[in-house]
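> Residue numbers for the sequence shown follow numbering that gives the first Met the number 0, beginning at 0 and rising by one.
Glycine included, C-beta positions come from ideal geometry on N, C-alpha and C.
As the structure is a prediction and not an experimental result, all values here were calculated from the model.
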Amino acid sequence: MTSIIKKELRTYFTTMSGYIFLSFLLLLSAVYFVIGNISAQSADFSGVLTSIAVYYLFLIPILTMRLFSEEAKLKTDQLLYTSPVSITDITVGKFIAASIVLCIGTVFTFIFPIILLLFSDINLMLIVVSYLGFILFGLSLVSVGMFVSSLTENQIIAAVITFATAFSFFIMDGLARALPADKMSSLFFITAIVGLFGIIVYDSTKNKAVAVFISLLFIVVEAVLYFIKPTFFEGTIAYALQWFSVFNRFTNFQRGVLNISDIIYNLTFIIAFTYLTINGIEKRRWR
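What follows is the structure, encoded as structure tokens:
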């Protein structure tokens, strides 16, 4: 795995992608620091991090679009996959390399809260919690970008799809409020989720009986709940989308709210997309 990490880091800094990411992250931090803190005479740096996070829509695709797409385009992916290094090590190594670049850029931004600390009284705990959320949010999007990159050999397509996916996380709260909240709509929504889960189970196990049994079990539970406690299904769509929104979790950190559940959610989110990447590559490897 170490060799994969070194290879990826070397690629980041022998091409422009690493420098572009770091330059724009530092530039945006400086601009919003001047606007949000210096000009506004405010010591709240968490607002700056929230503003920068919006630009991850564009920055994360730059960081992740080439992770697997470039290998596929150059036809070096087969050499990589037939090496003694496992697919898991390759995937995790690429993720760690991208994460290191992201963390390097984040460390560069530490200069701005340090300046605030020297010249004003700031809530240090709020800054620490905000940075924790900022890093977890960035790593979550990196895992998504890596997964998308594993699906195509075209880096531009990988970047566009990663942008679209990240954008969907940003608008998820607004979308949740716009969708219907009645019980019947929620029932159809949950049934669709159960069906999707069944497809994932079948895709992972190749056992149709197991997938059908699990899906039917969930549908029975859903039906029982609907007749016993129908109020449970009121506003379920909005609740589910808000719960799944990684950006919603990020805003909790920016308010200084440190919940273990938010940390676990982000880590689970990262592991899930890393698993999807590994699983997808393994299947293509044996075709």
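1) Under 9 Å, do Thr161 and Gly137 count as touching if we go by C-beta distance?
2) Does the beta-carbon of Tyr18 have 16 or more other beta-carbons within 10 angstroms, so that it is buried, or is it exposed?
3) Taking only the alpha-carbon atoms, compute the straight-line gap between Thr250 and Ile37 and give it to the nearest angstrom.
4) Among Leu135, Thr164, Ile134, Phe196, whose alpha-carbon lies nearest the alpha-carbon of Ser148?
5) Within a Cβ cutoff of 6 Å, which residues of the same chain sit near Leu25, ignoring the five residues on either side of it in sequence?
6) Would you kindly work out how many angstroms separate the C-alpha atoms of Asp261 and Asn247, rounded to a whole number?
7) Short of 7 Å in beta carbon distance, which residues of its chain neighbour Thr151, apart from the five on each side in sequence? Order them along the chain.
8) Taking 8 Å as the cut-off, does the region 131-146 touch the region 115-122 (at least 3 CB pairs, one atom from each stretch)?
9) Tell me the DSSP secondary structure of Thr14 in three-state form.
10) Would you call Val256 buried or exposed, if buried means 16 or more other Cβ atoms sit within 10 Å of its Cβ?
11) Under 6 Å Cβ to Cβ from Ile99, same chain only, skipping five residues before and after it: list those, please.
12) If you draw a straight line from the C-alpha of Tyr31 to the C-alpha of Met15, how long is it?
13) Of the choices Ile155, Leu62, Val143, Leu186, whose alpha-carbon is the least far from that of Pro229?
14) Enumerate in chain order the residues of its own chain whose CB-to-CB distance from Tyr54 is below 7 Å, with the five nearest sequence positions on each side excluded.
15) Hey, how far is the Cα of Arg254 from the Cα of Tyr274?
16) Would you mind sorting Val141 into buried or exposed? The rule is 16 or more other CB atoms within 10 Å of its CB.
Put simply:
1) Taking the first residue of the sequence shown as position 1, residue 161 is located at position 162. Taking the first residue of the sequence shown as position 1, residue 137 is located at position 138. At least 9 Å separates the beta-carbon of Thr161 from that of Gly137.
2) For the purposes of this step, residue 18 is taken as the residue at position 19 of the sequence shown. By the neighbour-count rule (16 or more Cβ atoms within 10 Å), Tyr18 is not buried but exposed.
3) Locating residue 250 in the sequence shown gives position 251, counting from the first residue. Locating residue 37 in the sequence shown gives position 38, counting from the first residue. Cα to Cα, the separation comes out at about 23 Å.
4) By 1-based counting over the sequence shown, the position of residue 148 is 149. With distances taken between Cα atoms, Ser148 lies closest to Thr164.
5) On the sequence shown, residue 25 is found 26 positions in, with the first residue counted as 1. Within the same chain, Leu25 has close Cβ partners Phe107.
6) The count along the sequence shown starts at 1 and reaches residue 261 at position 262. The count along the sequence shown starts at 1 and reaches residue 247 at position 248. Each residue's Cα considered, the two are about 10 Å apart.
7) Here residue 151 corresponds to residue number 152 of the sequence shown, with the count starting at 1. Exclusion of the five residues before and after Thr151 leaves Ser68, Ala157 as the residues of its chain whose Cβ lies within less than 7 Å of its Cβ.
8) Per the Cβ contact rule, the region 115-122 is not in contact with the region 131-146 (fewer than 3 Cβ pairs under 8 Å).
9) The count along the sequence shown starts at 1 and reaches residue 14 at position 15. Collapsing the DSSP output to three states places Thr14 in coil.
10) Numbered from its first residue, the sequence shown carries residue 256 at position 257. The residue is exposed, with fewer than 16 neighbouring Cβ atoms inside 10 Å.
11) Counting from 1 along the sequence shown, the entry for residue 99 is found at position 100. The beta carbon of Ile99 lies closer than 6 Å to none in the same chain, with the five residues before and after it left out.
12) Position 32 of the sequence shown, counting from 1, holds the residue named residue 31. Position 16 of the sequence shown, counting from 1, holds the residue named residue 15. Rounded to the nearest angstrom, the two C-alpha atoms are 24 Å apart.
13) The count along the sequence shown starts at 1 and reaches residue 229 at position 230. When only C-alpha atoms are compared, the closest one is Leu186.
14) Here residue 54 refers to the residue found at position 55 of the sequence shown. So the list reads Leu27, once near-sequence residues are dropped.
15) For the purposes of this step, residue 254 is identified with residue 255 of the sequence shown, where counting begins at 1. For the purposes of this step, residue 274 is identified with residue 275 of the sequence shown, where counting begins at 1. Distance between the alpha carbons of Arg254 and Tyr274 is about 31 Å.
16) Working through the sequence shown from its first residue, we reach residue 141 at position 142. Looking at its Cβ environment, which holds 16 or more other Cβ atoms inside 10 Å, Val141 is buried.
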